[in-house]
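Working notes for the structure below.
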Amino acid sequence: MTTALLIRAPRTGRKTDRHKLSVATGLAGLSLDAMASVSYGPEAIVLVLAAAGGTGLGFTLPVTLAIAALLAVLVASYRQLIAAFPNGGGAYAVARARLGHRTGLVAAASLVIDYILNVAVSIAAGVAALTSAFPVLLPHTVWICLAILVGITALNLRGIADSARAFMIPTAVFVAGIFTVIIAGLLRSEPLSVSEGTAVAANVQTVGVLLLLKAFSSGCAALTGVEAIANAVPSFREPRVKNAQRAEVALGILLGSMLIGLAVLIGKFALHPVEGTTVLSQLTEASLGHGIGYYIVQFATVVLLALAANTSYGGLPTLARLLADDNCLPHRFALRSAREVYRHGVVALGVFAGALLIGSGGSMNALVPLFAIGVFVGFTIAQAGLVRHWLLTRAPGWRWRACLNGFGATLTAVAALVTTAMKVTEGAWLIVLALPLIVFLMERVRAAYAAIGDRLHLGEVPAAPAAQGTVVLVPVAEVSELSREAICAGLSIGTDVVAVRVCPSGESPRAFTKAWEAWHPGVRLLLLDGSDGGLAPTLTRHITDRLADRRVVVVIAQVEPGSGWQRILPNHRGDELDRALRRDTDAVVCRVLLRVGRSVPQQPGQPLLDHRRDQVPAAIEDPALGQRPAEPRGR
165 MTTALLIRAP RTGRKTDRHK LSVATGLAGL SLDAMASVSY GPEAIVLVLA
215 AAGGTGLGFT LPVTLAIAAL LAVLVASYRQ LIAAFPNGGG AYAVARARLG
265 HRTGLVAAAS LVIDYILNVA VSIAAGVAAL TSAFPVLLPH TVWICLAILV
315 GITALNLRGI ADSARAFMIP TAVFVAGIFT VIIAGLLRSE PLSVSEGTAV
365 AANVQTVGVL LLLKAFSSGC AALTGVEAIA NAVPSFREPR VKNAQRAEVA
415 LGILLGSMLI GLAVLIGKFA LHPVEGTTVL SQLTEASLGH GIGYYIVQFA
465 TVVLLALAAN TSYGGLPTLA RLLADDNCLP HRFALRSARE VYRHGVVALG
515 VFAGALLIGS GGSMNALVPL FAIGVFVGFT IAQAGLVRHW LLTRAPGWRW
565 RACLNGFGAT LTAVAALVTT AMKVTEGAWL IVLALPLIVF LMERVRAAYA
615 AIGDRLHLGE VPAAPAAQGT VVLVPVAEVS ELSREAICAG LSIGTDVVAV
665 RVCPSGESPR AFTKAWEAWH PGVRLLLLDG SDGGLAPTLT RHITDRLADR
715 RVVVVIAQVE PGSGWQRILP NHRGDELDRA LRRDTDAVVC RVLLRVGRSV
765 PQQPGQPLLD HRRDQVPAAI EDPALGQRPA EPRGR
């Protein structure tokens, strides 16, 4: 009789893509980092140029145009990356495939730094927008930042995943609000309202090349997030490459338009930095007044920045999982919780972002200078990898593609050097140290896993397993139910079971021996003199000196208290012995827990003897250790 199995082929068409990203949802779900940078990129430029007064602020638009030109080159380059690496992965995938393992780690390290800084900068910028609207909250900036960080981390630990469709509304409100501010400001001949406050103090400088380069390097923080779409090409609907490329171009147009529009308004209204108020808040107030429109834009900014911070919680744990799979991070980063969350990556991201927020005092302007360095390292590596890709594949149009990516790599490399040089005294040295340190640590982890693999002979067929002479040692402190459970476990493991009693200094073994003989458990008792160091040193020394040629299993029994507070009651000598055995011997350790409340009635006719000390010679070591155990005598 033949049984036929009918397998239905998956349906093709739009229904299979309904959970994939379109251009609009991809733009909303993957461009939050870039969109959010509008709130702090122009301010970073203004803070630098304000040192030269009104003349310096007049260069806001030219500096922004230079950043927009670099943005155009990056968008064109990442369109090529999307086509060349449609499986996603961004700079890490390109570097690993075309530039070697170590360069891939540099790209990964830059991404790790970017993800951490994105959380810190986004939260700090969001709180800055909040305190601009409600100045009474300004003294509590750090606590508000940490509260938001804890909330986002807790939500991600619970596995709450926001869909791209849910991101569309706040993204659309924010973009519409920014363009409303720009259009309304361009139509006004003078500001509708002027923010009051103390101007930010700065060392007076003249407009020179160094000042302009410093402003350019600060404003380049607005380019963060341009690579996010290229990292997630597989998430787009078919044709996924075309849709991802369209989303990349749309992101470049929107981001460039907003940056240039805000720069025009800064020059038109002659804005200057004000203590406790963001530049975006001043522009919104100048264009829309201090009414409902102002608060809508401010709250939309706070929400979008919070969502932008949340995107790192989807990116870094996934990157950490890839690195763990490549043996570059501890394998626990690849473990998922019951809620399908890479919780170790989530917790690590929250801890490091919290440290940055505390160290910077929750100041957005203190964190932004750190942002662009790692971003440009990733940009440079990605484009250099593409140049090598075109040289190797010689695909149609490879010459102009290689020239485009080479030009982009040159620009971003120069930008990275300029940003590092200009910001080294403002905290950029931290990134300069962190980047190679992360690469070094990942290399050490990889080397450690390689050593473990060599020890385990991974990839080789091991020899056939064979029984070995095993001795089971059961440390006992008294004749009790705990000792009975430990010996039962030892007898379940092997036949050569030896109970070991380490006698403290000054204690006679006679009382214990009498109690043992009265119980008569059917296993041999070995008495060791513990006057030289106690339980752990004495037992480990005995195993090393006398049992080096045998496989040793040590059964450690301990009481597990019934309630939480009672865990402070045991002396935890079992934990100390466990650590010593694992550190100093090759013994296999077996832990046996006796839970309080599970008692076994004592059989009649077998009273336990008091362990009273009496003056007898020191404990004697059993010379018969290693022989077969004596047959148990009848009771």
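Basically our numbering = 1-based index in the sequence shown + 164.
From the three backbone atoms N, C-alpha and C, an ideal C-beta is built for every residue, glycine too.
Kindly list the residues whose CB is nearer than 8 Å to the CB of residue i, restricted to its own chain and excluding five residues on each side of it in sequence; keep chain order.
i           : result
residue 609 : 491, 492, 493, 494
residue 746 : 753
residue 251 : 257, 397, 398
residue 513 : 279, 280, 283, 317, 476, 477, 480, 481
residue 460 : 337, 341
residue 768 : Only weak support exists for where residue 768 lies, its pLDDT of 47 falling under 50; the value from the coordinates is given anyway. Answer for residue 768: no residue qualifies.
residue 724 : 757, 758, 759, 760
residue 742 : 720, 753, 755
Report yes if the C-beta distance between residue i and residue j is below 8 Å; otherwise report no.
i           : j           : result
residue 532 : residue 204 : yes
residue 191 : residue 414 : yes
residue 450 : residue 350 : no
residue 756 : residue 721 : yes
residue 662 : residue 622 : no
residue 384 : residue 214 : no
residue 338 : residue 528 : no
residue 670 : residue 719 : no
residue 209 : residue 379 : yes
residue 241 : residue 547 : yes
residue 235 : residue 420 : yes
residue 549 : residue 259 : yes
residue 544 : residue 517 : no
residue 388 : residue 201 : yes
residue 582 : residue 382 : no
residue 216 : residue 375 : yes
residue 710 : residue 633 : no
residue 377 : residue 505 : no
Please look up how many angstroms separate the CB atoms of residue i and residue j, rounded, as I've assumed it's under 8 Å.
i           : j           : result
residue 299 : residue 440 : 6 Å
residue 523 : residue 306 : So it is not a contact: roughly 10 Å between Cβ atoms.
residue 465 : residue 444 : 7 Å
residue 808 : residue 646 : No answer is possible for residue 808: it lies beyond the span of the chain, which begins at 165 and ends at 799.
residue 542 : residue 412 : Not confirmed; about 16 Å, so no contact.
residue 521 : residue 309 : 5 Å
residue 394 : residue 245 : 5 Å
residue 643 : residue 679 : 4 Å
residue 484 : residue 509 : 4 Å
Please return the same chain residues whose Cβ sits closer than 7 Å to the Cβ of residue i, not counting the five positions on each side in sequence.
i           : result
residue 277 : 538, 595, 598, 599
residue 427 : 206, 224, 225, 228
residue 184 : 399, 400, 401
residue 425 : 346
residue 652 : none
residue 552 : 262, 263
residue 467 : 334
residue 285 : 204, 528, 531, 532, 535
Along the beta strand (DSSP E) that carries residue i, what are the first and last residues, could you check?
i           : result
residue 693 : 688-693
residue 632 : Counting along the chain, residue 632 falls outside any beta strand (DSSP E), and DSSP gives it neither H nor E.
residue 558 : Per DSSP, residue 558 belongs to no beta strand (DSSP E) and is neither H nor E.
residue 721 : 715-724
residue 500 : Element bounds for residue 500: n/a, residue is neither H nor E.
Where does the unbroken alpha helix (DSSP H) through residue i begin, and where does it stop?
i           : result
residue 754 : First-last for residue 754: 752-759, but that is the beta strand (DSSP E), not the alpha helix (DSSP H).
residue 261 : 254-262
residue 207 : 205-213
residue 283 : 265-297
residue 309 : 305-321
residue 525 : Looking at the DSSP string, residue 525 is not in any alpha helix (DSSP H), and its letter there is neither H nor E.
residue 198 : 196-200
residue 745 : 737-748
residue 223 : Neither: residue 223 is in no alpha helix (DSSP H) and is coded neither H nor E.
residue 700 : 699-710
residue 696 : Residue 696 -> no alpha helix (DSSP H), and no H or E assigned at all.
residue 378 : 373-383
residue 604 : 592-620
Which residues in the same chain have their Cβ closer than 6 Å to the Cβ of residue i, if we skip the five residues on either side of it in sequence?
i           : result
residue 269 : 603, 606
residue 657 : 636, 717
residue 666 : 692, 694, 699, 702
residue 332 : 192
residue 501 : 507
_As an exercise, report each continuous alpha helix (DSSP H) stretch of at least 4 residues that is fully enclosed by the region 411-498, in chain order._
Unbroken alpha helix (DSSP H) stretches of 4 residues or longer found wholly inside the region 411-498: 443-452, 456-489, given in chain order.
*List in chain order: all unbroken alpha helix (DSSP H) runs of 4+ residues lying wholly within the region 629-678.*
DSSP runs (the alpha helix (DSSP H)) wholly in the region 629-678: 645-657.
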